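> What follows is a single structure, and I will ask about it in a moment.
Residue numbers (my numbering), protein chains in the order written: chain A, 756 to 1059; chain B, 8 to 348; chain C, 3 to 282.
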């Protein structure tokens, strides 16, 4: 009896230690980010978040252009990705026969496995020239808005947004398809019995039922796109300024860290880049927290 | 049974030796300027063939070279802009010793452009370049450009300005030149490896800028001469202090260096040099070597490389469109190698 | 009777969803095809056996990057899998309520940390104190990224093992530890292995954490304390260069990397579907 119990205890202790390691690592990560950004935090305080100058020469650093670029490109990614993703999820969950649905979903999930540097490669060599060729069309249709004004050089927030949308679509499709499939058949049957068309059933009954799960998938996709580095830095134009037009170049937090980290001299410059990392980390915590809450409430409802 | 032991032992031996560096080879890590990268990669390759020294150079930009050598994560750095007094002091404070500058080659920075329909070499005045990069000259058919290029049909399209997004000695040379030409540039932007650009797109490294210019119509960028030549890009002539439009060449760069007096610490600027044939945007480029190298094998390899570079290495420069150092500078440097302890 | 308008809306919207799917699937096929044409068709043996040549000299390959990536992944797996797996065992088998919630939340958090921030973390933790870039620091960065995925997938697959199996073992007198290690884990074996495979495939393509840890190396990297070249970083460096042969190599490397990642993914999923798993 004694031997049995100590075997259990050993297993318990070892696995517990590993679980604790996660907590320790994360705490250490936050601590390192916090500690190494001490200089700019003391110097700039909260104004770091709203200053739009980024000048290594004079030592003025502000996070606003990067927060702007990150939010705009991710926002555009969602704007393009949600309709495409949810649309495809509906097709795969409701319309396609099971074998085809599984096969296609398999292929789409492979898209999630493609390394981001490859998206970057295709971004510079395929997407940017394609957008340059399409520019007259886009400008013709949307040029009246300030969002599509000004000169277009190919590398821009638009290109970054499009690349990001392609990268997040698999996440939206995969999770949304699962939650849609999990909606009880009675819901559908009820609507159809009342005379609704397939589309009306899907849009007015099934989707609302699966709503929180879909929203959870969107938040997870958002979290992924906020931190995306390589693909963005290759197509965004690397300009630390705020422009209204999507045709203009921009800069994201992850991209500027990747570009400038190796050469930052001095505690203020390096610390400011690390503080940007802290800001990004903070953004990700908030988004993940919201996603978690949403997905949890879906699980409680038993729809997943 | 014995077979199993043998296999286990062999596996163990393999794994263990993976963790042990080969006794013969010395690996030296360096990082910095992209400007001389084609030259350095050839030199380090040739030197490796001669000795057992592997010099692993990462072309991350002059700013990166200065930052990493100061942090001590690389054995030496490289930069096209000499370190400023503050950077030297920072190095001293952090590492407890001095940092030595060793010029390696001379190069030129050229304005390269991609204007559909314009194939030849355009003339640029310093004022034109400063105006373009300040964002004040926005169209290719601006008078400042057309008057220097009679007979060339310049389009009315907007100029797409490309600059470096990383900390760059090439930027240092370019902004050093513009600061000498334009008071407004000097006060508004200044000269440094990384500045706040009034306008333009950022490209990473000489590679990124030349790539961007190649892919973007009506763009202008500044790159090291070799990148423009190797990629068959069009680059313009620049007006020098004597008033002549000079195309960058080894002769022009050597002429620019001829007039300069080399100080003992080797930090000197030769942009906008006097001389009829001098090319105005020329510069030395330096290796940044800590004054004390603890590891004897590394010290031998690095000092050995410096002597080799100043003798055999200098003979290889012309083939890659870099100008060799003036003889007086070589002699002075050979003596300075002794300063490395 | 259905109005024409409702019928039309029905037809249009449903077709649109088909279009969306077509776009998504088409993108993947386009990526595969493009990489094959530009990278795969010009792949030579040299690519796998030669070291990089000086800038501007044609020829040369990425042999050191391939080996470098392998070494990095080896370290990452040795760090990430044990910690992640055992952590998953804890959550699945010993989990209490509040503490487990905290662990899961933190795992999700760590999972969501951008890879570039993990790179900074490894830089400040290992590179700066050690004073040099190394394979070890790169491997650690990748290992940290593997941990949350390993915990999540281990927990999911362990939980999927039917309670009856556990109860049977305990009824026969086995202790909890013995049950876990001799009954539950073997039952979840397929899922656990595929989980590791997918995890490795995911970090194999990561670039950002390696730029300031493993750094890069033109030569063979010996041991664990030297900087090393890796496939993703080489792709990035070569892709933004202006040299035609470097760009060509970037495509070839991209193709090799993609094939590697996709092969692992496809194999893993095939193993899983054969076992008819329910949990993901």
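Think of the CB as a built atom: it goes at the ideal place given N, C-alpha and C, for glycine as much as any other residue. This structure is a prediction, so every number in the text was calculated from the model and none was measured.
1. Run through chain B and tell me which residues come within less than 8 Å of residue 250(C), C-beta to C-beta.
2. Might you give, ordered along the chain, the residues of its own chain that have their beta carbon closer than 7 Å to the beta carbon of residue 60(C), omitting 5 neighbours on each side?
3. By the 10 Å Cβ neighbour count, where 16 or more other Cβ atoms means buried, how is residue 885(A) classified, buried or exposed?
4. So, with DSSP's three-state summary, where would you put residue 1006(A)?
5. Flag this pair as yes or no: are the beta carbons of residue 954(A) and residue 15(C) separated by less than 7 Å?
6. Applying the 10 Å Cβ sphere with the 16-neighbour rule, what's the burial state of residue 134(C)?
7. Return the first residue and the last residue of the alpha helix (DSSP H) that residue 799(A) is part of.
8. For chain B, is any of its Cβ atoms less than 7 Å away from the one on residue 849(A)?
9. On the criterion of 16 or more Cβ atoms from any shown chain inside 10 Å, does residue 175(C) qualify as buried, or is it exposed?
10. Could you work out which residue in 931(A), 1026(A) and 1045(A) is closest to residue 790(A) when comparing CA atoms only?
11. Mapping the DSSP letters down to three states, classify residue 28(B) as helix, strand or coil.
12. Please report how far the alpha carbon of residue 245(B) lies from the alpha carbon of residue 52(C), in whole angstroms.
13. For residue 34(B), return the contacting residues in chain C, with the cut-off set at a CB-CB distance below 9 Å.
14. At a cut of 8 Å, does the region 80-90 of chain B reach the region 239-254 of chain B through at least three beta carbon pairs?
15. Would you say residue 45(B) lies against chain C (beta-carbon separation less than 7 Å)?
16. Using a Cβ-Cβ cut-off of less than 7 Å, give me the residues of the region 825-836 of chain A that come near chain C, in sequence order.
17. Identify the residues that DSSP records as bridge partners of residue 271(B): which are they?
18. If I follow the unbroken alpha helix (DSSP H) through residue 339(B), where does it start and stop?
19. For residue 227(C), name the three-state secondary structure that DSSP assigns.
20. Around the C-beta of residue 172(B), are 16 or more other C-beta atoms found within 10 angstroms, so that it is buried, or is it exposed?
21. Here's a check: name, in chain order, each residue in its chain whose Cβ is nearer than 7 Å to the Cβ of residue 192(B), leaving out the five neighbours to either side.
22. How far does the beta strand (DSSP E) with residue 296(B) in it reach, from first residue to last?
23. Are at least three pairs of beta-carbons, each pair with one atom in the region 22-32 of chain C and one in the region 863-870 of chain A, less than 8 Å apart?
24. So with Cβ pairs under 7 Å, would you call residue 134(C) a contact of chain B?
25. Residues of chain C with a CB under 7 Å from the CB of residue 985(A): which are they?
26. Let me make sure I understand the geometry here. Which of 70(B), 207(B) and 314(B) has the alpha-carbon closest to that of residue 145(B)?
27. Using a Cβ-Cβ cutoff of less than 6 Å, which residues in the same chain neighbour residue 337(B) once the five nearest sequence positions on both sides are dropped?
28. Just how far apart, CA to CA, sit residue 136(C) and residue 215(C)?
29. Rounded to the nearest angstrom, what separates residue 110(B) and residue 312(B) at their Cα positions?
30. Who are the near neighbours of residue 738(A) in its chain, counting only those whose CB is closer than 7 Å to its CB and skipping five residues on each side?
31. Pick helix, strand or coil for residue 830(A), following the three-state DSSP scheme.
32. For residue 968(A), which three-state DSSP category applies?
33. Residues of chain A with CB under 8 Å from residue 108(C), in chain order?
34. Between the C-alpha atoms of residue 166(C) and residue 189(C), what's the straight-line distance to the nearest angstrom?
35. Using 8 Å as the threshold, is the region 203-219 of chain C in touch with the region 142-160 of chain C, meaning 3 or more CB pairs across them?
36. Nearest by alpha-carbon distance to residue 125(B): which of 115(B), 153(B), 103(B) and 210(B) is it?
Let me spell this out:
1. What you label residue 250(C) is simply residue 248 of the third chain in a count that begins at 1. None at all; the shortest Cβ gap to chain B is about 14 Å.
2. The sequence position of residue 60(C) within the third chain is 58, counting from 1. Taken in chain order, the residues that qualify are 247.
3. Position 130 of the first chain, counting from 1, holds the residue named residue 885(A). Looking at its Cβ environment, which holds fewer than 16 other Cβ atoms inside 10 Å, residue 885(A) is exposed.
4. By 1-based counting over the first chain, the position of residue 1006(A) is 251. In the structure shown, residue 1006(A) adopts coil according to DSSP, grouped into three states.
5. Along the first chain, one-based indexing puts residue 954(A) at 199. Along the third chain, one-based indexing puts residue 15(C) at 13. Contact check for residue 954(A) against residue 15(C) passes: the beta carbons are separated by less than 7 Å.
6. As a working mapping, residue 134(C) is identified with position 132 in the third chain. Classification of residue 134(C): buried, given that the 10 Å Cβ count is 16 or more.
7. For the purposes of this step, residue 799(A) is taken as residue 44 along the first chain, with counting starting at 1. Segment 793-799, the alpha helix (DSSP H) holding residue 799(A).
8. As a working note, residue 849(A) is residue 94 in the first chain. Residue 849(A) does not count as touching chain B.
9. Your numbering for residue 175(C) matches position 173 in the third chain. Counting other Cβ atoms within 10 Å of its Cβ, residue 175(C) stays below 16 and is therefore classed as exposed.
10. Locating residue 790(A) in the first chain gives position 35, where the first residue counts as 1. The shortest C-alpha separation from residue 790(A) is found at 1026(A).
11. Here the question's residue 28(B) lines up with position 21 in the second chain. Low confidence applies to residue 28(B): its pLDDT is 46, below 50, so where it sits in the model is not reliable enough to give any reading.
12. Reading the second chain from its first residue, position 238 is the one you call residue 245(B). Reading the third chain from its first residue, position 50 is the one you call residue 52(C). A direct Cα-Cα distance of roughly 42 Å separates residue 245(B) from residue 52(C).
13. Residue numbering aside, residue 34(B) sits at position 27 when the second chain is read from its first letter. Per Cβ cutoff of 9 Å: 219, 221, 223, 224, 228 and 229.
14. The region 80-90 of chain B, when compared against the region 239-254 of chain B, does not touch it at the 8 Å Cβ threshold.
15. Along the second chain, read from residue 1 onward, the residue named residue 45(B) stands at position 38. At least one chain C Cβ lies under 7 Å of residue 45(B).
16. Answer set for the region 825-836 of chain A: empty.
17. For the purposes of this step, residue 271(B) is identified with residue 264 of the second chain, where counting begins at 1. Bridge partners of residue 271(B): none, in fact.
18. By 1-based counting over the second chain, the position of residue 339(B) is 332. Element bounds for residue 339(B): 334-343.
19. Numbered from its first residue, the third chain carries residue 227(C) at position 225. Per DSSP, reduced to three states, the secondary structure at residue 227(C) is coil, with no helix or strand assignment.
20. Working through the second chain from its first residue, we reach residue 172(B) at position 165. When all chains shown are included, residue 172(B) counts as buried.
21. The sequence position of residue 192(B) within the second chain is 185, counting from 1. Here the set comprises 137, 141, 185 and 186.
22. Indexing the second chain from 1 puts residue 296(B) at position 289. Counting along the chain, the unbroken beta strand (DSSP E) around residue 296(B) starts and ends at 289-297.
23. In this structure the region 22-32 of chain C touches the region 863-870 of chain A; the number of beta carbon pairs closer than 8 Å is three or more.
24. Residue numbering aside, residue 134(C) sits at position 132 when the third chain is read from its first letter. By this cut-off, residue 134(C) is an interface position.
25. In the first chain, counting from the first residue as 1, residue 985(A) sits at position 230. Result: 209, 210 and 238.
26. As a first step, residue 145(B) is located in the second chain; it is residue number 138 there, counting from the start. Relative to residue 145(B), the option among 70(B), 207(B) and 314(B) whose CA is nearest is 207(B).
27. Residue mapping note: residue 337(B) aligns to position 330 of the second chain, counting from 1. Excluding sequence neighbours, residue 337(B) sits near 317.
28. Residue mapping note: residue 136(C) aligns to position 134 of the third chain, counting from 1. Residue mapping note: residue 215(C) aligns to position 213 of the third chain, counting from 1. Roughly 6 Å separates the two Cα atoms.
29. The sequence position of residue 110(B) within the second chain is 103, counting from 1. The sequence position of residue 312(B) within the second chain is 305, counting from 1. One Cα belongs to residue 110(B), the other to residue 312(B), and the distance between them is close to 13 Å.
30. Beyond the ends of chain A as shown, which are 756 and 1059, falls residue 738(A); an answer cannot be given.
31. Here residue 830(A) corresponds to residue number 75 of the first chain, with the count starting at 1. Helix at residue 830(A).
32. Taking the first chain and counting its residues from 1, the one referred to as residue 968(A) is at position 213. Look at residue 968(A) here: in three-state DSSP terms it is helix.
33. Here residue 108(C) refers to the residue found at position 106 of the third chain. Contact annotation for residue 108(C) against chain A: 777, 778 and 781 [CB-CB distance below 8 Å, chain order].
34. Within the third chain, residue 166(C) is the residue found at index 164, counting from 1. Within the third chain, residue 189(C) is the residue found at index 187, counting from 1. Cα to Cα, residue 166(C) sits roughly 12 Å from residue 189(C).
35. In this structure the region 203-219 of chain C lies against the region 142-160 of chain C, because at least three pairs of beta carbons, one per stretch, are closer than 8 Å.
36. As a working mapping, residue 125(B) is identified with position 118 in the second chain. It is 153(B) whose Cα lies nearest to the Cα of residue 125(B).
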